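Protein chains: 2
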Amino acid sequence: MEREPTLRLRVFDLNCWAIRYLSKRRQERVRLIGDMLRRDSFDLVLLQEVWSEQDYSDLMVKLAGCYPFSHYFRSGVIGSGLCVFSRFPILDTLLYQYSLNGYPYMLQHGDWFCGKSVGLVVMKISGIIFNVYVTHLHAEYCREKDAYLPHRLVQAWELAQFIRHTSKAADVVLLGGDLNMHPEDVGIRLLRGWTGLRDAFAEAKHFEGCKNGCTLVPDNCFTEKSELLPFPLGIRIDYILYKAISSFTVKCEELKTTTGPAPGVDIPFSDHEAVMATLHIQRQPQAEGATLGTAELALADVVAEARTEVGVGLRAAQRQRYSSGRMAVLALLLLLLQAMAALGTLAGLGPDQPFPKLSFCLLAFLALGVLVLSVGLHLFHTMEVKMLHGTEDQMWMALRALQERPSDG
Amino acid sequence: MEREPTLRLRVFDLNCWAIRYLSKRRQERVRLIGDMLRRDSFDLVLLQEVWSEQDYSDLMVKLAGCYPFSHYFRSGVIGSGLCVFSRFPILDTLLYQYSLNGYPYMLQHGDWFCGKSVGLVVMKISGIIFNVYVTHLHAEYCREKDAYLPHRLVQAWELAQFIRHTSKAADVVLLGGDLNMHPEDVGIRLLRGWTGLRDAFAEAKHFEGCKNGCTLVPDNCFTEKSELLPFPLGIRIDYILYKAISSFTVKCEELKTTTGPAPGVDIPFSDHEAVMATLHIQRQPQAEGATLGTAELALADVVAEARTEVGVGLRAAQRQRYSSGRMAVLALLLLLLQAMAALGTLAGLGPDQPFPKLSFCLLAFLALGVLVLSVGLHLFHTMEVKMLHGTEDQMWMALRALQERPSDG
Chain A
1 MEREPTLRLR
11 VFDLNCWAIR
21 YLSKRRQERV
31 RLIGDMLRRD
41 SFDLVLLQEV
51 WSEQDYSDLM
61 VKLAGCYPFS
71 HYFRSGVIGS
81 GLCVFSRFPI
91 LDTLLYQYSL
101 NGYPYMLQHG
111 DWFCGKSVGL
121 VVMKISGIIF
131 NVYVTHLHAE
141 YCREKDAYLP
151 HRLVQAWELA
161 QFIRHTSKAA
171 DVVLLGGDLN
181 MHPEDVGIRL
191 LRGWTGLRDA
201 FAEAKHFEGC
211 KNGCTLVPDN
221 CFTEKSELLP
231 FPLGIRIDYI
241 LYKAISSFTV
251 KCEELKTTTG
261 PAPGVDIPFS
271 DHEAVMATLH
281 IQRQPQAEGA
291 TLGTAELALA
301 DVVAEARTEV
311 GVGLRAAQRQ
321 RYSSGRMAVL
331 ALLLLLLQAM
341 AALGTLAGLG
351 PDQPFPKLSF
361 CLLAFLALGV
371 LVLSVGLHLF
381 HTMEVKMLHG
391 TEDQMWMALR
401 ALQERPSDG
Chain B
1 MEREPTLRLR
11 VFDLNCWAIR
21 YLSKRRQERV
31 RLIGDMLRRD
41 SFDLVLLQEV
51 WSEQDYSDLM
61 VKLAGCYPFS
71 HYFRSGVIGS
81 GLCVFSRFPI
91 LDTLLYQYSL
101 NGYPYMLQHG
111 DWFCGKSVGL
121 VVMKISGIIF
131 NVYVTHLHAE
141 YCREKDAYLP
151 HRLVQAWELA
161 QFIRHTSKAA
171 DVVLLGGDLN
181 MHPEDVGIRL
191 LRGWTGLRDA
201 FAEAKHFEGC
211 KNGCTLVPDN
221 CFTEKSELLP
231 FPLGIRIDYI
241 LYKAISSFTV
251 KCEELKTTTG
261 PAPGVDIPFS
271 DHEAVMATLH
281 IQRQPQAEGA
291 TLGTAELALA
301 DVVAEARTEV
311 GVGLRAAQRQ
321 RYSSGRMAVL
331 ALLLLLLQAM
341 AALGTLAGLG
351 PDQPFPKLSF
361 CLLAFLALGV
371 LVLSVGLHLF
381 HTMEVKMLHG
391 TEDQMWMALR
401 ALQERPSDG
């Protein structure tokens, strides 16, 4: 049956929830993750939310024996949180920072400060070129009224485009990460359809772990129970996706998730469950066509659906740009008015009552503060409008291409 | 001599200097550029500094007949300013925004607001796949003390990496743009060495135009004469670079630059001269190796030199991060002190003199302003440190790879 030798690759993916000062029992958990990775020797480890470079360095030291190659992707104010550990040499890396990633003033959500990105590492294992991508998309804080959906869709689109454009010389493409999307969400369908990536959970011959492959489950002591109320089994938002590009086939022999506490202790590794896939990669005599081209019409529908959502975001961003601009103009007018009043008083034109210096100063500073803030907001929303508009354009181009060349991969 | 048919491709590149409200006689010049492009039919037009979408739309309408395909790259607050017009269909596009691009507080330079990027358009002409890149790197405001050199080097590195990773399926790679570097600068050597791109000016069989191929010349009535004092002939900072990847050869038959005023009028098209290349592309029986691998040792020297400059920038950014952090702490202390004084006075603990409300308020607002500003600066420089550090790491990885695998392309 096996004419060509099969390469067996064990891949580990985990959102580590290692935010300094905020994540509970962080150092203990990072130690546990390191111990487990050293014990269960995987070939490839894709981690997210390793925000502290110290945690990365500690892991690197601990794992130097079994994973001699590693890379930490730096970006944004806090960092990308992405890193890769590998048994095989990393030949090259590239980082792509998503153009939209939430709002700087949504401090309680904080995504903006993290410089959400996709990291690429190129590796050659047994003569097979692997393009391995690790990413973390914008969180979904409220499913019913998801204000970040357009931003997450822009990210899913940029992720798909980045993978398509950078993977043309690869034999096998792997993507692991916390995509913050449910399996049937439009962003996942867009990503899978536009790249041809397949979902390890759906393709796995054997599965073991949380029901339905969920990775955010109510049983985990660190998850926010209220957020999971509508989903008593939990949700699946962490993925390992893959495809073979040239004359190779990839099959998922086994998929596992962790289920609650780490062995021998009372806490789990993270607020997410880890995803572990065993992949079998084999050279096959004849090249397999890219997955694109099989369901072009369905793909066009998905792109159109995503484009509609991006359009909704675009109109919201335009409204916000308009109102912040108007606020800036009003603050400027108030300042001018005050300047005129002050000049008038200085010239002795005002009434004989004493000039209310204190409240005048306070008002001026307030107006100045509002002016600075609203100009900042206006600039930010201008940028947001540009990026949403650009994505809408690109999706339109993709739709046209899908309709014109129905059999092109 | 010519067994295979030769594809002749005429490429036009120009930094249009079309900044709304700032560039002199902008609309007139954009009209002139459009007229000239319509008259001299090129195959591919790469423009920079088309900041106004309206200018792009006007050009698109005017050029619809001879250049039916076009793309405008949106990014940043003002935009990327990059656009492409083409006689041949554009199949796909991708935009990569550089991670560093000057400082938001350097308002007089303004680069930060432009979202400097590299745009990629993929085209298929006569069965040959072209990856065409257009870009504009950070300006050099003072050559003797170039504070932006580390940022420009990060951009040159990211540009080279982006081209390498995205061009693997291309037959021919073209890059056009204002690189803001002299031909012998380390950034250009890095870009050329790391990608294998060749300089159309150096390779051209025939050349016609400004002496030494200069594109920023004192004769141009819009250039800043004082900046060009050390260079009486001008400088060459706009380039068309190319290479063939698979079994093709590219030759530059002719290179031209514009020389001063546009025909029939008293002004030139822009403050830069345009670069126009005629390329001959031919399939050749045996594949030509990538240019990499021929001068590995020289390349390692260039990467090491660039890495040193990035390191200098890293240490400067670390100092700025430290001093802005210290300023933030001092401002916070002052605010706390004021809060204590105010509380003391309210509790009747202060001296019997009247409380100086106005100066107290002014001081508090000043401290608050300094706090907000310095926190912003601290965050920005933290990001800068991360990106410079990341680039240093990547360059180190490249150096290691060059030393370990001296014949790998």
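Those protein sequences? They're chains A and B, same order as listed.
The numbers in UniProt numbering rise by one with no breaks, and the one at position 102 of the first sequence is 102.
The numbers in UniProt numbering rise by one with no breaks, and the one at position 80 of the second sequence is 80.
Glycine residues also receive a C-beta, built at the ideal position from the N, C-alpha and C atoms.
Model, not experiment: these values are computed from the prediction.
Point to revise | Completely contained beta strand (DSSP E) runs for the region 159–211 of chain A, where each covers 3 or more residues | key: 172–178, 206–208
Exercise for review: List the residues of chain B whose Cβ lies closer than 7 Å to the Cβ of S99(A), in chain order.
Suggested key: S75, Q97
Point to revise | Positions along the region 382–395 of chain B whose CB lies within less than 7 Å of some CB in chain A | key: T382, M383, K386, M387, H389, G390, Q394
Point to revise | Under 7 Å from the C-beta of G166(B): neighbouring residues of chain A | key: The identity of residue 166(B) in the sequence shown is Thr, whereas the question assumes Gly. Those are H165, T166, listed as they occur along chain A.
Point to revise | Chain-ordered chain B contacts of T93(A) [CB-CB under 8 Å] | key: Q394, M397
Review point. Using the rule of at least 16 other Cβ atoms within 10 Å of the residue's Cβ for burial, across every protein chain shown, is L159(A) buried or exposed?
Key: Burial call: buried.
Check your understanding: What do you reckon, are the CB atoms on R8(A) and T257(A) nearer than 9 Å?
Key -> No, these two residues do not count as a Cβ contact at 9 Å.
Exercise for review: Quick one: list the residues of chain A neighbouring K357(B), beta-carbon separation under 7 Å, in chain order.
Suggested key: L358
**Study point:** Which residues DSSP lists as bridging E254(B), in chain order
**Key:** H206(B), T278(B)
Point to revise | F85(A) at chain B interface by Cβ criterion, 9 Å | key: Against chain B, the CB of F85(A) has no partner CB under 9 Å away; the residue lies outside that interface.
Point to revise | Between the CA atoms of M383(B) and residue 469(B) - distance to the nearest angstrom | key: This structure does not reach residue 469(B), given that chain B is present from 1 up to 409, and the question cannot be answered.
**Study point:** CB contact check: Q48(A) to chain B, cutoff 9 Å
**Key:** Closer than 9 Å: no.
Check your understanding: With C-beta atoms as the reference, is G176(B) less than 9 Å away from I240(B)?
Key -> Contact: yes.
**Study point:** Residues within the region 146–176 of chain A neighbouring chain B, beta-carbon criterion of under 9 Å
**Key:** Those residues of the region 146–176 of chain A that come within reach of chain B (Cβ to Cβ, closer than 9 Å) are E158, Q161, F162, R164, H165, T166, S167, K168, A169, A170.
Exercise for review: Indicate the three-state DSSP secondary structure (helix, strand or coil) for D111(A) in the structure shown.
Suggested key: If DSSP states are grouped into helix, strand and coil, D111(A) belongs with the helices.
Review point. Looking at the C-beta of V122(B), does it have a partner C-beta in chain A at a distance below 9 Å?
Key: yes
Check your understanding: For the candidate residues L174(B), Q48(B), A341(B), whose alpha-carbon lies nearest to that of I163(B)?
Key -> L174(B)
Check your understanding: Under a CB-based cut-off of 9 Å, is L362(A) close to chain B?
Key -> yes
Practice item. Compile a chain-ordered list of the residues in the region 369–381 of chain A whose CB is closer than 7 Å to at least one CB of chain B. Key: L379
Point to revise | Chain-order list of residues whose beta-carbon lies under 7 Å from that of F69(B) (same chain, five-residue window excluded) | key: Only S86, F88, P89, I90 meet the Cβ criterion.
Exercise for review: Could you name the residues that DSSP lists as bridge partners for T93(A)?
Suggested key: V121(A)
Practice item. Would you tell me roughly how many angstroms separate the C-alpha atoms of T93(B) and K357(B), rounded to the nearest one? Key: 60 Å
**Study point:** Residues that G119(A) contacts on chain E, provided the C-beta gap is smaller than 9 Å
**Key:** Chain labels in this structure do not include chain E; the protein chains are A and B.
Practice item. Say whether chain A places a C-beta atom closer than 9 Å to the C-beta of residue 412(B). Key: What the structure shows of chain B is the stretch from 1 to 409, and residue 412(B) is not part of that stretch, so it cannot be assessed.
Practice item. Return the bridge partner residues of H136(A) from the DSSP annotation. Key: D178(A)
**Study point:** Short Cβ contact (9 Å threshold) for G187(A) with L229(A)
**Key:** Cβ distance not < 9 Å, so G187(A) and L229(A) don't count as in contact.
Practice item. Taking C-beta pairs closer than 7 Å, name the residues in chain B that G79(A) reaches, listed in chain order. Key: K386
**Study point:** Straight-line gap, A304(A) to A204(A) (C-alpha atoms, nearest Å)
**Key:** 30 Å
**Study point:** Under the three-state DSSP convention, the category W51(B) falls into
**Key:** coil
Practice item. Leaving out five residues on either side along the sequence, give the residues of the same chain with a beta carbon under 6 Å from the beta carbon of W17(A). Key: S23, E49, S270, D271
**Study point:** Whole-angstrom distance between V134(A) and S126(A), CA atom to CA atom
**Key:** 22 Å
Review point. Y67(A) bridges to which residues according to DSSP?
Key: Note: Y67(A) sits in no beta bridge, so no partner.
Review point. So which residues on chain B does F365(A) lean against when the C-beta distance must stay under 7 Å?
Key: F365
Check your understanding: How do the region 261–270 of chain B and the region 196–214 of chain B stand: do at least 3 beta-carbon pairs fall below 8 Å, yes or no?
Key -> no
**Study point:** Spatial neighbours of W396(A) in its chain, beta-carbon cut-off 8 Å, leaving aside the 5 residues before and after
**Key:** Answer for W396(A): R307, listed in chain order.
Practice item. Kindly list the residues whose CB is nearer than 8 Å to the CB of I129(A), restricted to its own chain and excluding five residues on each side of it in sequence; keep chain order. Key: V122, M123, A169, A170, D171, V172
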